[in-house]
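Protein chains in written order, with my numbering: chain S, 24 to 274; chain D, 652 to 899.
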């Protein structure tokens, strides 16, 4: 499987492929969401950001995607495609039209966008569901369509906001393995936000731990483990346990 | 079906009241007399039904075009919202008779002044529902389109309009039903044909049965209009579970 990086209107920003967030502060009215966050994602690297609810994880992704501007500090990032919490699929579009949405926004016709999306359906386990509406898909299938839509945006960076947070535990584990495989075949600079430390350790090259609000980086863990990883591997469990203890949870 | 049952029960009671001579038939003709008038006077009422149908459809079409334009303008442009929103609401308090004289002077006795009056009566639900629908777009989906750097026009076309469609149809169904009474108001403001005109003339002539027969046709017309739009909604808004719009 190979995704051609489609010529997009973001193309001018692609001089750097990595993400550099430096001393970023973000407030909403009286609430300070982020209090001086510094982190980087090297080209081709997968970095997971883990923290308790409300620690500003989603805000961090919106800053990297250029949807928000920081109150202080700098965000340097090439064009990034966002996969929002929940799938944000458009219920009136078929799976293939949802997957090709970014291409339509970039000026492709409906037929061109479909033709570009269709070849991925088999590899994504979505064969024969090209014309299905989101309501007809299972939770896992919806997330795969949403991920394909993010991939087909053709941006150098992917921002995944709790991609599997809404799934049941069993489907979530399956989808994590699937995503690990997809990223192995199709390496992308990826910033993954999650509240699941196991998910972070299984998928990421590095795990950034954020404190409770206002979010700041508590520790960064290098995950120097061979792939594919399973959440039951002792080394994975050891790192996940360490992450939890750092976040103040007894594992 | 339930409505038909209720109507049958009410008709039975009404017929009994009439047959027992409890009410003067000039004031309340028996249902059988109304049905008889419907048959006997159909040469008279048929063309009136056609006239009113055309007027109501033309008015509804005008209301849809103008209402959609106003709703989209208010949605996209804050000055339009601040200017038009109070006026849209205020328009619903305009007494039709006040408008009738200037409209007839400006536009004559033809279809044009009627289209204006009918459109005025039914554009409110069309406009308000579409406007609210455009604003009620899911925040995550809006965020997604922004992250794709969609232009304002693309966001409207790919996200907001389809998302607002179910609620726009609610507005259209209400507008379709009230367009019929709008046509009656319009005809009362000056006309020589139509069911509203027929009601006015027949009641003046104490032709109570014919007056009621024309009213029955107006009743049926409103239900038919509503039904057509409910059907169109079911054909077009085929995604996601939603409240059954409920045909007649």
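Ideal placement from N, C-alpha and C gives every residue a C-beta, glycine not left out.
Asked	Found
Given 8 angstroms, three or more beta-carbon pairs between the segment 90-103 of chain S and the segment 69-78 of chain S	no
Residue-level contact to chain D via CB, residue 128 (chain S), 8 angstroms cutoff	yes
Residue 34 (chain S) at chain D interface by Cβ criterion, 8 angstroms	With a pLDDT of 38 at residue 34 (chain S), under the threshold of 50, the predicted position of this residue should be treated as unreliable, and no value is reported.
Assigned secondary structure, residue 187 (chain S) (DSSP; H/G/I helix, E/B strand, else coil)	coil
Candidates D:680, D:789, D:701, D:715: closest to residue 820 (chain D) by CA position	D:715
Backbone CA spacing between residue 199 (chain S) and residue 187 (chain S) [nearest angstrom]	8 angstroms
Inter-residue CB distance, residue 710 (chain D) and residue 769 (chain D) (contact presumed, cutoff 8 angstroms)	2 angstroms
8 angstroms Cβ cutoff, residue 254 (chain S) in contact with chain D	no
Short CB-CB distance (under 8 angstroms) between residue 800 (chain D) and chain S	yes
Whole runs of the alpha helix (DSSP H) within the segment 669-739 of chain D, excluding any shorter than 4 residues	682-691, 693-727
Rounded separation between residue 120 (chain S) and residue 696 (chain D) - CA only	51 angstroms
Contacting positions in the segment 74-105 of chain S - beta carbon closer than 7 angstroms to chain D	88, 90, 104, 105
Pair within 8 angstroms by beta-carbon distance, residue 801 (chain D) and residue 809 (chain D)	yes
Best match in S:231, S:140, S:226, S:243 for proximity to residue 259 (chain S) [C-alpha to C-alpha]	S:226
Sequence ranges, beta strand (DSSP E) only - wholly within the segment 116-147 of chain S, length at least 3	none
Alpha-carbon spacing of residue 712 (chain D) relative to residue 849 (chain D), whole angstroms	24 angstroms
Coarse secondary structure for residue 41 (chain S), derived from DSSP in three states	coil
For residue 182 (chain S), the three-state DSSP class (helix, strand or coil)	strand
Within chain S, the residues that residue 794 (chain D) reaches when beta carbons sit closer than 8 angstroms	85, 90, 105, 107, 111
Simplified DSSP assignment, three categories, for residue 887 (chain D)	helix
Under the three-state DSSP convention, the category residue 106 (chain S) falls into	strand
Where the beta strand (DSSP E) containing residue 58 (chain S) begins and where it ends	54-64
Contact with chain S by residue 791 (chain D), beta-carbon distance below 8 angstroms	yes
Residues, ordered as in the chain, of the segment 133-162 of chain S that lie near chain D by beta-carbon distance below 7 angstroms	156, 158
Buried or exposed by the 16-neighbour rule on C-beta atoms within 10 Å, applied to residue 734 (chain D)	exposed
Residue 172 (chain S): first and last residue of the uninterrupted alpha helix (DSSP H) it sits in	162-175
Burial state of residue 219 (chain S) (16 or more Cβ within 10 Å)	buried
Where the beta strand (DSSP E) containing residue 242 (chain S) begins and where it ends	240-245
Closer than 8 angstroms to chain S by CB, residue 818 (chain D)	no
Buried/exposed call for residue 279 (chain S), threshold 16 Cβ in 10 Å	With chain S covering 24 to 274 only, the question about residue 279 (chain S) has no answer from this structure.
DSSP three-state assignment for residue 820 (chain D), whether helix, strand or coil	helix
Minimum length 4: unbroken alpha helix (DSSP H) runs contained in the segment 798-869 of chain D	812-839, 846-855
The segment 652-661 of chain D / the segment 821-828 of chain D touching (three or more Cβ pairs under 8 angstroms)	no
Host beta strand (DSSP E) of residue 216 (chain S) (start-end)	212-217
Residue 683 (chain D) to residue 666 (chain D) span [Cα, whole Å]	7 angstroms
Within-8 angstroms CB hit, residue 24 (chain S) to chain D	Its pLDDT being 46, under 50, residue 24 (chain S) is placed unreliably by the model, and the measurement read from it follows with that caveat. No, residue 24 (chain S) lies away from the interface with chain D (no Cβ there is under 8 angstroms from its Cβ).
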